[in-house]
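S.K.: I'd like to ask you about the structure that follows.
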Amino acid sequence: MNPAESNQTTASWHMNTSLANKTTLVTGVSSGIGREIAEYLAERGARVFGTARNAQSATPIRGVELVSLDVTVDASVSAAVQSIVQKAGPIHFVVNNAGYGLMGALEETSLDEARQQMETNFFGVLRVTNAVLPEMRKGGFGRFVNISSVVGFLPSPYMGMYAASKHALEAYTETLDHEVRRFGVRALLVEPSFTKSKINHSGKDAEIALKEYAVYRMRMKQAVEEGVENGDDPRIVAEAVYQALTAQSPRLRYPVGNGVLLSRMRRFIPAGLFDKISRKLFKLD
Ligand SMILES: NC(=O)c1ccc[n+]([C@@H]2O[C@H](COP(=O)([O-])OP(=O)(O)OC[C@H]3O[C@@H](n4cnc5c(N)ncnc54)[C@H](OP(=O)(O)O)[C@@H]3O)[C@@H](O)[C@H]2O)c1
């Protein structure tokens, strides 16, 4: 891209950060955080396409067009993206939200279970991003907001593969942002803490259960379930997504709720002390 073109895309970007009529794809809107994001963005004027693996059985959301999409299947992702482009033209905004949690000590987690977790939470994001990015780049305009988690920057004992999938998503997003920024495209992260949703029900348990981990695993599972039940209102995650999509100069990371404090602690507390605090918090000793 020559400097004149580059200035042009920057200028067009600055004129266009409002949501009005922007074609917006949100994955995983059948429940929880994705549902709230889709509704919130539609209320603010975006043309929102929300996905679920089975759009027919998903409860309708006012102002949101539902599309079937399984983020683990190449053909499903390309068919969904094509159908949206045919209806509404180029996609301007993508919120990669679909995901689930896998509970179990790492030694209890099979390679297949680990692969499935990465297939949805990490490779699912790559599939959707790769399907949308070429046209977005050519148009010189767009934003990806990837729903990470506080466990994208913290360890999460007994949910290690879930934490690994979100850590990978953080590295991917930060790198992508460096690569695509000169095309007028940004890739950003929203990092919720415990948030009310169906994640306790949609989550999976590792099939192998070793008695050596049982007490701590059960303790952690109970803490996570209680955390989600008493968690943040998903609306605050939707607000953070809205800020990331519309800010003239967006931040790379938007921690939400307790995530704000946790993210500061992670950055500023020395590693040894942070390790001690984490073990106390997770009741590991
Ligand atoms: N709740 C929390 O405490 C919390 C905290 C931090 C981050 N997060 C993240 O927030 C995101 C949303 O989770 P949630 O808490 O709202 O959970 P949720 O209520 O269980 O919603 C998960 C959504 O993901 C979709 N999904 C799952 N697997 C999919 C696949 N293979 N293809 C397409 N869609 C798929 C589900 O749709 P269908 O099953 O209908 O296809 C559902 O709409 C996840 O990325 C999660 O990691 C949640």
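Reading the sequence shown from the start, the letters are residues 2 to 286 in my numbering. Glycine is no exception: its CB is placed at the ideal position from the N, C-alpha and C atoms. What you are looking at is a predicted structure, and each value in this text was computed from that prediction instead of being measured.
Cβ of Arg305 versus every heavy atom of ligand 1: is any distance shorter than 7 Å?
M.R.: Past the edges of the chain, shown from 2 to 286, lies residue 305, and the structure says nothing about it.
S.K.: If I follow the unbroken beta strand (DSSP E) through Arg187, where does it start and stop?
M.R.: It spans Val186 to Glu192 - the beta strand (DSSP E) in which Arg187 sits, taken as one unbroken run.
S.K.: DSSP three-state call for Arg254: helix, strand or coil?
M.R.: Strand, per DSSP.
S.K.: How far does the beta strand (DSSP E) with Thr25 in it reach, from first residue to last?
M.R.: Thr24 to Val27 is the span of the beta strand (DSSP E), which, as asked, contains Thr25.
S.K.: In this structure, what does DSSP give as the bridge partners for Val65?
M.R.: DSSP lists Val49 as partners of Val65.
S.K.: For a test of your reading of the model: does the CB of Val229 fall under 7 Å from any non-hydrogen atom of ligand 1? Yes or no.
M.R.: Flag set: Cβ of Val229 near ligand 1.
S.K.: So Thr52 and Gly29 are supposed to be a Cβ contact under 8 Å. How far apart are they, rounded?
M.R.: The Cβ separation is near 7 Å, so the contact holds.
S.K.: Is it true that the region 88-105 meets the region 128-136, where meeting means three or more beta-carbon pairs spaced less than 8 Å apart?
M.R.: At 8 Å Cβ cutoff, the stretches touch.
S.K.: For the beta strand (DSSP E) containing Arg144, list its first residue and its last residue.
M.R.: Gly143 to Ile148 is the extent of the beta strand (DSSP E) around Arg144.
S.K.: With a threshold of 8 Å on Cβ separation, who are the neighbours of Val229 within its own chain once the five nearest residues in sequence on each side are excluded?
M.R.: The residues are Phe195, Thr196, Lys197, Ser198, Ile200 and Asn201.
S.K.: May I ask which residues mark the beginning and end of the beta strand (DSSP E) holding Asn131?
M.R.: Not the beta strand (DSSP E): Asn131 falls in the alpha helix (DSSP H), residues Gly125 to Gly140.
S.K.: Excluding the 5 residues flanking Arg144 on each side, which residues of the same chain have their C-beta closer than 8 Å to its C-beta?
M.R.: His93, Phe94, Val95, Val186, Arg187, Ala188, Leu189, Ala245, Leu246 and Pro251.
S.K.: Using a Cβ-Cβ cutoff of less than 7 Å, which residues in the same chain neighbour Glu171 once the five nearest sequence positions on both sides are dropped?
M.R.: Taken in chain order, the residues that qualify are Ser149, Gly153, Phe154 and Leu190.
S.K.: Is Ile346 near ligand 1 - that is, is its Cβ less than 7 Å away from at least one heavy atom of it?
M.R.: This structure leaves residue 346 out entirely; the chain is present only between 2 and 286.
S.K.: Using a 10 Å radius around the Cβ and a threshold of 16 neighbouring Cβ atoms, would you call Asp71 buried or exposed?
M.R.: Buried, because 16 or more other Cβ atoms sit within 10 Å of the Cβ of Asp71.
S.K.: Within a Cβ cutoff of 8 Å, which residues of the same chain sit near Met221, ignoring the five residues on either side of it in sequence?
M.R.: Hits under 8 Å: Met104, Pro158, Tyr159, Met160 and Phe283.
S.K.: With a CB to CB cut of under 6 Å and the five nearest residues on each side skipped, what residues in its chain are close to Ser77?
M.R.: Same-chain partners within the cutoff: Leu70 and Asp71.
S.K.: Which two residues bound the contiguous beta strand (DSSP E) that contains Val96?
M.R.: Segment Phe94 to Asn97, the beta strand (DSSP E) holding Val96.
S.K.: Is the region 271-286 close to the region 200-214, with three or more CB pairs under 8 Å?
M.R.: Touching, no, given that fewer than three Cβ pairs across the two stretches are closer than 8 Å.
S.K.: Under the three-state reduction of DSSP, which class applies to Leu70: helix, strand or coil?
M.R.: Coil, per DSSP.
S.K.: Taking only three categories from DSSP, how would you classify His15?
M.R.: Confidence is the limiting factor: at His15 the pLDDT is only 44, short of 50, which leaves the residue's position unreliable, though a coordinate-based value still follows. Three-state result, His15: helix.
S.K.: Label Met162 either buried or exposed according to how many other C-beta atoms from any shown protein chain fall within 10 Å of its C-beta, with 16 as the threshold for buried.
M.R.: The residue in question, Met162, is buried, as its Cβ has 16 or more Cβ neighbours within 10 Å.
S.K.: Once the 5 residues before and after Leu211 are set aside, which same chain residues still bring their CB inside 8 Å of it?
M.R.: Excluding positions up to five away in sequence, the list reads Ala106, Glu108 and Glu109.
S.K.: Could you give the distance in angstroms between the alpha-carbon of Gln87 and the alpha-carbon of Asn22?
M.R.: Taking the straight line from one Cα to the other gives about 15 Å.
S.K.: Do Gly258 and Ile237 count as a contact pair if the criterion is CB distance below 8 Å?
M.R.: Result yes, Cβ atoms of Ile237 and Gly258 sit closer than 8 Å.
S.K.: If we call anything under 8 Å between Cβ atoms a contact, is Gly100 one with Thr121?
M.R.: Yes. Within cutoff.
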